[in-house]
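Heads up: the sequence lines are chains A and B, in that order.
For what it's worth, our numbering labels the leading residue of the first sequence as 2, then goes sequentially.
For what it's worth, our numbering labels the leading residue of the second sequence as 6, then goes sequentially.
Note that the Cβ used here is the ideal one computed from N, Cα and C, for glycine as well.
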Amino acid sequence: MAMPRDLESGPESKTMARIIPFPESGRVHAMQPQSSPAPLDSISDDDTDVGVRWGQWMACAQAGDRAAYHQLLKDIVPYLRALSRRFVGNESDAEDAVQEILIVVHDIRHTYEPHRPFKPWLKTIATRRCIDLLRKRTRRLQHELAQESDHLHVAATDATPDQALDRSQQGLALGAAVSQLPARQREAIRLLRISELSLCEAAAQSDQSIGSLKVACHRALKSLKRALDGKDLSHE
Amino acid sequence: MNDTDSLIDQLAKRAKPVRPLASPMLRTLAWAVAAAALVALVAASMGMHPGLSTQMAQAPKLAEWIASLLTGLLAAYAVFQISVPGRSPSWAWLPALPLAVWLASIGWGCLADFNNMGWAAFAWQTHSGECARAITAISIPLGITLLVMVRHAGAVKPAPTAMLAALSAAAMASAGVSLVHEGETSLMVLLWHVGVVALLSLASLALGKRLFGWIGPARA
Numbered sequence: 002m003a004m005p006r007d008l009e010s011g012p013e014s015k016t017m018a019r020i021i022p023f024p025e026s027g028r029v030h031a032m033q034p035q036s037s038p039a040p041l042d043s044i045s046d047d048d049t050d051v052g053v054r055w056g057q058w059m060a061c062a063q064a065g066d067r068a069a070y071h072q073l074l075k076d077i078v079p080y081l082r083a084l085s086r087r088f089v090g091n092e093s094d095a096e097d098a099v100q101e102i103l104i105v106v107h108d109i110r111h112t113y114e115p116h117r118p119f120k121p122w123l124k125t126i127a128t129r130r131c132i133d134l135l136r137k138r139t140r141r142l143q144h145e146l147a148q149e150s151d152h153l154h155v156a157a158t159d160a161t162p163d164q165a166l167d168r169s170q171q172g173l174a175l176g177a178a179v180s181q182l183p184a185r186q187r188e189a190i191r192l193l194r195i196s197e198l199s200l201c202e203a204a205a206q207s208d209q210s211i212g213s214l215k216v217a218c219h220r221a222l223k224s225l226k227r228a229l230d231g232k233d234l235s236h237e
Numbered sequence: 006m007n008d009t010d011s012l013i014d015q016l017a018k019r020a021k022p023v024r025p026l027a028s029p030m031l032r033t034l035a036w037a038v039a040a041a042a043l044v045a046l047v048a049a050s051m052g053m054h055p056g057l058s059t060q061m062a063q064a065p066k067l068a069e070w071i072a073s074l075l076t077g078l079l080a081a082y083a084v085f086q087i088s089v090p091g092r093s094p095s096w097a098w099l100p101a102l103p104l105a106v107w108l109a110s111i112g113w114g115c116l117a118d119f120n121n122m123g124w125a126a127f128a129w130q131t132h133s134g135e136c137a138r139a140i141t142a143i144s145i146p147l148g149i150t151l152l153v154m155v156r157h158a159g160a161v162k163p164a165p166t167a168m169l170a171a172l173s174a175a176a177m178a179s180a181g182v183s184l185v186h187e188g189e190t191s192l193m194v195l196l197w198h199v200g201v202v203a204l205l206s207l208a209s210l211a212l213g214k215r216l217f218g219w220i221g222p223a224r225a
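The following block contains the structure:
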């Protein structure tokens, strides 16, 4: 569900859709999303007007007004994107989170109660999905680290017990440092250094270009060097 | 057009009219009627125990039974509250008071039994294990019904919702079983009734996400 990179830095991702008047049912399709420049910081739970309009649109959507529903989903995306970024940190994971949230919103839209505020309803769903995504990411990372530890263990079998212990400790420290890297750098390290793929092979398996992978790998190695400063990495 | 935009287009195209949820009170009533019907069916098939009227004439026993019933009802109401996104999670504490009263009245019963029977009040009664089996057998369909009614909670608060659903179902089942089973000391009630309620609730807390995964996601 990754989004093209060139769109992530577009104006839509940095602005919040302006409050637009609540349309009459059946007229929403004629309205164009307005790209007025409200900063992301303005997205707050106190923004009750926005919440009221979203609630009204959702009530129309529950009654079968697809145009109102389409407008609502378009309108909540910047809010969800800002919220997701706070949780997951990077752009591509945040966009995945936004899409997952939209699917859940669609699936359980009948649980919105029209007489109650919309924003707490949306925020609860969004927060829960982001937490789930973070948990999934942590589990995936732990799995990858476990695999890396296995590799280190195999490589250390011809060493003396002291050397093996030393290598094992260094491996754990390296694994922990890798886990602290941003997702794109971690992916570059995993593909280029751990799986030892060529740049072309790595780019084919990733949504990053060859240039991005090179930069991410270079930055990752610098970060790892800083993180492991003073530790002997000769076995690397 | 990016992936998110096309997803929005698809979702909007697929959107059909949906009926918003009924109020938590109405849904609690609907579930309570279903639970009462099942318990009545069990009571009718097994027969009320003959000493029921005498037992219910004793204030502590009556308080114990009412507290178990209230625990079940208020836990169900809490389930219908916390399973809705945006409603306060503090509703989860709603059954705490009747639960405390239930435990306290059983504790009081243990002391009263000891006063009347001496150390025999703490004797092991193997036949009381039937209660645990009956409570489990009634709780499972009741609990599943409740979870199906709030399956949208799988995307919001799976673990606490599943725990409260199990607490509700098991407490209602315990109240029902108390009508047909007799001759137990309060210690056995504590062990088999409360023990099963606690076990089912904690198991549901631990397996909440899997339970909702097994039931399947909500689809408006």
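| query | result |
| --- | --- |
| Please give the ranges of any alpha helix (DSSP H) in the region 19 to 52 of chain B, keeping only runs that are unbroken, at least 4 residues long and fully inside the region. | 29 to 51 |
| Please confirm whether residue 160(B) and residue 126(A) have their CB atoms less than 8 Å apart. | yes |
| Of all Cβ atoms in chain A, is any one closer than 8 Å to the Cβ of residue 223(B)? | yes |
| Hey, could you find the ends of the alpha helix (DSSP H) residue 75(A) is sitting in? | 67 to 89 |
| Can you find a C-beta in chain A that's less than 8 Å from the C-beta of residue 13(B)? | yes |
| Is residue 184(A) close to chain B, meaning its C-beta is less than 8 Å from at least one C-beta of that chain? | no |
| List the residues of chain A that residue 26(B) touches, going by C-beta distances under 8 Å, in chain order. | 111, 112 and 114 |
| Kindly indicate the opening and closing residues of the alpha helix (DSSP H) around residue 107(A). | 92 to 108 |
| Any heavy atom of the ligand MG closer than 7 Å to the beta-carbon of residue 211(A)? | Here there are no bound small molecules, and the ligand MG is not part of this structure. |
| Apart from the five residues just before and just after residue 135(A), which ones in its own chain have a Cβ nearer than 8 Å to its Cβ? | 88 and 89 |
| Please name the residue in 176(B), 33(B) and 120(B) whose C-alpha comes closest to that of residue 101(B). | 176(B) |
| Measure from the alpha carbon of residue 71(B) to the alpha carbon of each residue in 157(B), 210(B) and 111(B), then state which is nearest. | 111(B) |
| Ignore the nearest five residues each way along the sequence and tell me which others in residue 217(B)'s own chain have a CB closer than 6 Å to its CB. | 159 and 163 |
| Which of the three DSSP states, helix, strand or coil, is assigned to residue 189(B)? | coil |
| Check the Cβ-Cβ distances between residue 38(B) and every residue of chain A, and say whether any is below 8 Å. | no |
| Taking C-beta to C-beta, are residue 36(B) and residue 154(B) nearer than 8 Å? | yes |
| According to DSSP, is residue 116(A) helix, strand or coil? | coil |
| Which residues of chain B have a Cβ atom closer than 7 Å to the Cβ of residue 137(A), listed in chain order? | Near residue 137(A) there are no residues of chain B at all, since even the closest Cβ is about 12 Å away, more than 7 Å. |
| Report the neighbours of residue 70(A) on chain B: residues whose CB is nearer than 7 Å to its CB, in chain order. | 17 and 20 |
| In chain order, what residues of the same chain lie with their CB nearer than 7 Å to the CB of residue 219(A), ignoring the 5 residues before and after it? | none |
| Where residue 195(B) and residue 108(B) are concerned, what is the direct C-alpha to C-alpha distance, given to the nearest angstrom? | 8 Å |
| Could you tell me the distance, in whole angstroms, from the CA atom of residue 141(B) to the CA atom of residue 124(B)? | 29 Å |
| Taking the alpha helix (DSSP H) that residue 160(B) falls in, what are its first and last residues? | Where residue 160(B) is concerned, there is no enclosing alpha helix (DSSP H), given that its DSSP letter is neither H nor E. |
| What's the C-alpha gap between residue 146(B) and residue 139(B)? | 12 Å |
| Just to confirm my understanding: we take residue 18(B), look at its own chain, exclude 5 residues before and 5 after, and list those with CB closer than 6 Å. What are they? | none |
| Would you tell me roughly how many angstroms separate the C-alpha atoms of residue 88(B) and residue 32(B), rounded to the nearest one? | 12 Å |
| With three or more beta-carbon pairs closer than 8 Å as the criterion, would you say the region 106 to 123 of chain A touches the region 90 to 105 of chain B? | yes |
| What in chain B is Cβ-close to residue 58(A), meaning under 9 Å? | Going along chain B, no residue has its Cβ under 9 Å from residue 58(A), so there is no contact; the nearest lies around 11 Å. |
| Indicate the three-state DSSP secondary structure (helix, strand or coil) for residue 93(B) in the structure shown. | coil |
| CB residue 64(A) to CB residue 29(B), shorter than 8 Å? | no |
| Once the 5 residues before and after residue 156(B) are set aside, which same chain residues still bring their CB inside 8 Å of it? | 217, 220, 221, 222 and 223 |
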